[in-house]
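In this note's numbering, the protein residues as written are 477 to 774.
Below: the structure, in structure tokens.
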Amino acid sequence: MPFHVKIGLAAGLAFVGVVGSQFAFQRAASTRADSGDLPPFREYPGTEYRLGEIKLPPDWQEKTEWTFARLMYPSVSGGRFGRGGGFGGRGGGGLWTQGNSMWTQDYPRADRHFAEALRRLTRIHGRSVEQPINLDDRAVYDWPWLYAVQPGHWDLTDSQAKTLREYLLRGGFFMADDFWGRNEWEVFMASMRKVLPGREPVELGNGDTIFHTVYDLSERYQVASEGSVQRGRTYKCEGCPDRWLGILDDNGRVMVAITFQSDVGDSWEWADAPYYPEVYSRLGIRIGVNYIVYAMTH
Numbered sequence: 477m478p479f480h481v482k483i484g485l486a487a488g489l490a491f492v493g494v495v496g497s498q499f500a501f502q503r504a505a506s507t508r509a510d511s512g513d514l515p516p517f518r519e520y521p522g523t524e525y526r527l528g529e530i531k532l533p534p535d536w537q538e539k540t541e542w543t544f545a546r547l548m549y550p551s552v553s554g555g556r557f558g559r560g561g562g563f564g565g566r567g568g569g570g571l572w573t574q575g576n577s578m579w580t581q582d583y584p585r586a587d588r589h590f591a592e593a594l595r596r597l598t599r600i601h602g603r604s605v606e607q608p609i610n611l612d613d614r615a616v617y618d619w620p621w622l623y624a625v626q627p628g629h630w631d632l633t634d635s636q637a638k639t640l641r642e643y644l645l646r647g648g649f650f651m652a653d654d655f656w657g658r659n660e661w662e663v664f665m666a667s668m669r670k671v672l673p674g675r676e677p678v679e680l681g682n683g684d685t686i687f688h689t690v691y692d693l694s695e696r697y698q699v700a701s702e703g704s705v706q707r708g709r710t711y712k713c714e715g716c717p718d719r720w721l722g723i724l725d726d727n728g729r730v731m732v733a734i735t736f737q738s739d740v741g742d743s744w745e746w747a748d749a750p751y752y753p754e755v756y757s758r759l760g761i762r763i764g765v766n767y768i769v770y771a772m773t774h
């Protein structure tokens, strides 16, 4: 699938050579559980795209220094898809381990669009395809940057929470995106309090380093979902302003970056859609680039 990044071409984002490969390898090495080979690429059916609907790029088997790692997770009981997390109708079998559940929102189109944008805008040698991560496999340590969509519907087990905690404390970085309103916040925090007990999210201010690693992002705004754009608004729920939060380690490093009440994933997924406003894809991709460079260098 051809990808024409509007923010990179039409809006004139300059190529940014800010990170050499040594930073990526240093961060990756700090989180690895062992020195064995990386787990093989895996692909699953999603809530929006059937298995194979988004074609694999020619270089999908290339060995690189960075990969878009997407967190797989079970959904909360009584939630949108129930504990199993099945979406139904596309071969997922109702099991979150087989795809077709909340963790597959925007997948894999957003992941591959953003990976290509990252390669265009930095010197990071990124893989062209994503890697779904099941915490039960304990392979998360192979990936220095981890992303989850819709964590307002997740329900991590105690074992999964322990693994994620160890990953973060070893130096890993986790981005939680696209969840809205008080109820989803409480669901998100119920698992995060198991992951990092005693550590509460704090507001990230305009002066925080994470907003200035590559782009100066002091002026941020709500990133609208594609569905919200179609409805002529930026929000998914009334009275839900954008918030930019983080959970810090003992040294002040952002371990968890939270884009609450914004849909950054949609800004990646729909960056090449003529009707999706450039103003959202511009900020969303810049946020992702900053977060990755921060993760690789802190």
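Quick reminder that beta carbons are idealized off the backbone N, C-alpha and C, glycines included.
Being a predicted model, the structure only gives us computed values, none of them experimental.
Short Cβ contact (8 Å threshold) for residue i with residue j
i                 : j              : result
phenylalanine 650 : leucine 693    : no
asparagine 610    : threonine 573  : yes
valine 625        : glycine 741    : yes
glutamine 737     : aspartate 718  : yes
leucine 645       : valine 671     : no
valine 769        : threonine 685  : no
alanine 749       : isoleucine 761 : no
aspartate 631     : serine 667     : yes
aspartate 739     : aspartate 634  : no
valine 605        : leucine 532    : yes
cysteine 716      : glycine 647    : no
serine 704        : histidine 629  : no
Among the options, nearest to residue i - alpha-carbon criterion
i                 : options                           : result
glycine 708       : Gly528, Tyr751 and Lys531         : Tyr751
glutamate 702     : Ser553, Thr523, Glu745 and Pro673 : Glu745
valine 459        : Leu721, Ser738 and Asp726         : Shown here, the chain extends from 477 to 774; a query on residue 459 therefore has no answer.
glycine 683       : Val671, Arg696 and Pro673         : Arg696
aspartate 803     : Leu597, Glu541 and Arg596         : Given a span of 477 to 774 for the chain in the structure shown, any question on residue 803 remains unanswerable.
histidine 589     : Phe664, Ile530 and Pro753         : Ile530
proline 627       : Ile723, Leu597, Val663 and Ala545 : Val663
glutamate 676     : Gly728, Arg518, Ala700 and Tyr767 : Gly728
phenylalanine 517 : Glu524, Gly528, Arg526 and Trp536 : Trp536
aspartate 513     : Pro534, Val730, Lys539 and Glu519 : Lys539
lysine 638        : Ala652, Glu660, Leu571 and Pro673 : Pro673
tyrosine 549      : Leu597, Asn576 and Val699         : Asn576
histidine 774     : Pro620, Tyr520 and Ala700         : Pro620
threonine 735     : Met665, Ile763, Ala545 and Arg758 : Ile763
glutamate 714     : Leu724, Ile723, Gln698 and Asp725 : Gln698
Nearest-angstrom beta carbon gap, residue j and residue i [assumed within contact, 8 Å]
i           : j            : result
proline 608 : glycine 522  : That pair is no contact at about 10 Å.
alanine 591 : arginine 603 : 6 Å
valine 765  : tyrosine 691 : 7 Å
Bridge partner(s) assigned by DSSP for residue i
i              : result
asparagine 610 : Met548
tyrosine 623   : Arg546 and Met651
glutamate 679  : Leu721
leucine 759    : Paired residues: none, contrary to the question.
leucine 597    : DSSP, once it has assigned bridges, lists no residue as partnering leucine 597.
glycine 602    : Trp542
Q. Could you give the uninterrupted runs of the beta strand (DSSP E) lying entirely in the stretch 696-749, keeping only those of 3 residues or more?
A. With a minimum length of 3 residues, the unbroken runs of beta strand (DSSP E) contained wholly in the stretch 696-749 fall at 719-724 and 730-736.
(Q) Give the list of continuous beta strand (DSSP E) stretches no shorter than 3 residues that lie fully inside the stretch 630-674. (A) 649-653
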